[in-house]
Amino acid sequence: MQEIRVELTKNPKEKPQDQSKLGFGNYYTDHMFLMNYDEGQGWHDPRIVPYGPIALDPAAMCLHYGQEVFEGLKAYRTADGRILLFRPDRNMARLNVSNDRLCIPPIDEEFAIEAIKKLVLVDKDWIPTEEGTSLYIRPYIFAVDAHVGVHPAHHLIFAIILSPVGAYYPEGLNPVKIYVEDEYVRAVKGGMGFTKTGGNYAASLKAQAEAEKKGYTQVLWLDGVERKYIEEVGTMNVFFVIDDEVITPELRGSILSGVTRMSCIDILRSWGMKVSERRLSIQEVAKAAEEGRLKEAFGSGTAAVISPIGELRWGDDVMVINDGKIGEISAKLYDNLTGIQWGKLPDEFGWTVEVK
Ligand code: COI
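Each residue of the sequence shown is one higher than the last, beginning at 87 in the numbering used here.
What follows is the structure, encoded as C-alpha cells:
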C-alpha cells in the first residue's frame, strides 16, 4: 500500500462552538486528503495537507464537462469515545461504479478506506459529540486536464474533505413536505442516474428551487419515460408503507443504490417485515392514500438519515401522511440505524468499522 504523507497545518481553525447549530456542510476541518492520477503513472502521491484552495487551470475539464464523481459517508463518535465508520466498503465500491460510468480510472477501495481513516484520525477533534451530529466525509474525484475538448481525462485528482454536521434538513426528524415533480426529470435508464456525479444534482436544481418556492423541502422524481413510476427524492431514496408492505423503488439503472437504503431493507426484513423492491407508480400511492392504506413514507440517505414525509403534493392532490407526524416504522428505523451508527446498539450486521 502506498505511504500517505502528512503535512499538518500551522494555523488550526477555531472549531464551531455550538454543535446544535452546525447545520449541514457549513464547516470544514483543518486537513484534506489529495492524490493525483496521471496517465502512465496511475494514482500516486497520496497526502494529507492543510485544508485550502486547490489551484486549477481555467481549462480544467471538470469545469467544462462535469467529469466528476463523489461519495458521502460519516464518522460517528460513540459515548465511550470510539470513532465508527458505517459501511465504508459500500461507499468505495459505489465510487468505483460511478468511476466506471464516467470513464474515471478505478481507485483501490481498501486504500481509499485507509485514507479516510487516516484523515479522520488527523482531524478527530472535529468529530462532534452531541446527539444527532457526525463528521460528514466527502470523497470526490475530478478531471483536471487543461483541455477544452470532450474526451475522458488523463489527469485527475482524488480528494477527501471532512465537515462536522447536524441534520441535513432544518426539519430534523420532523416530517418534510415533498413535491411530486411531473415536469422536469432527473435521469433515465442508460444515463447516469445510478452514479453519484455532480451532473445528477445539477439536473435537480431547477425543480428543487421551484418546489421550495411553493413551500416544499424537496421533489420526488418520477421516471423520465412515462412520468409515472417513483424513483427517488432529491437527496435520498424513498420508502412507502402501504398496508403491511414496505415498498421502495427497485434499482433499474436510473436511481442511486443508497447505502442507507440497503441497510433499511436489511433491518426491516430482520424484523420480519415484508419489504418489496419493485416498481411503484404515483397512481398506486395516491390510491392507497385515498383509501387510507398509505401509512407512512420516508426518505433514506447518509446525509438525510431517515426523513419522514408528512405531505406529498402531486398536482392538485395533497396527500397528508400519518397526520403529518413521524410514523412508528420510520421512528423505529431511525432509532435502530442511528443506534448502530453511534455504537448505542449491538452491531448485529457487522456494519461498523472502528477508526483507531
Ligand atoms: C449523501 O446523502 O451523502 C449525499 O450525498 C446527498 C447529498 C447530495 C448531500
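Cβ atoms here follow ideal geometry from the backbone N, Cα and C, with glycine treated the same way.
Query	Result
Run through DSSP, which three-state label would Thr388 get?	coil
Say whether the stretch 300 to 308 touches the stretch 255 to 265, bearing in mind that this needs 3 or more beta-carbon pairs closer than 8 angstroms, one atom from each stretch.	yes
Using a Cβ-based criterion (distance less than 7 angstroms to any ligand heavy atom), does Gly279 qualify as near the ligand COI?	no
Is Glu317 closer than 8 angstroms to Leu308 when the C-beta atoms are compared?	yes
Suppose the cutoff is 6 angstroms on Cβ atoms and the five residues either side in sequence are ignored; what does the same chain contact list for Arg313 look like?	Asp268
Given 8 angstroms as the limit, is there contact between the stretch 218 to 226 and the stretch 316 to 336, that is, 3 or more CB pairs closer than that?	no
Report the option in Pro191, Ser290, Leu431, Lys381 whose CA atom is closest to the CA atom of Gly128.	Pro191
Between Thr115 and the ligand COI, is there a pair consisting of the residue's CB and a ligand heavy atom that are separated by less than 7 angstroms?	no
Considering only residues of the same chain and omitting the five flanking positions on each side of Trp212, which have a CB-CB separation below 7 angstroms?	Lys101, Thr115, Leu221, Leu248, Pro250
Which of the three DSSP states, helix, strand or coil, is assigned to Pro174?	helix
So does the stretch 363 to 379 actually touch the stretch 234 to 248, counting three or more Cβ pairs closer than 8 angstroms?	no
Is Thr388 near the ligand COI, with its Cβ less than 7 angstroms from a heavy atom?	yes
My parser needs the beta strand (DSSP E) runs of 3 or more residues fully inside the stretch 348 to 423; what are they?	360 to 363, 380 to 387, 391 to 400, 403 to 406
Which parts of the stretch 127 to 201 are runs of the alpha helix (DSSP H), unbroken and 4 residues or longer, counting only runs that do not cross its ends?	147 to 151, 174 to 187
On a Cα-Cα basis, can you pick out the residue from Gly284, Asp329, Leu181 that is closest to Asn408?	Asp329
Look at the Cβ atom of Pro132, then the Cβ atom of Ala245, and state whether they are nearer than 8 angstroms.	no
Contact check, Ala161 vs Val206 under 8 angstroms by CB: the rounded distance?	5 angstroms
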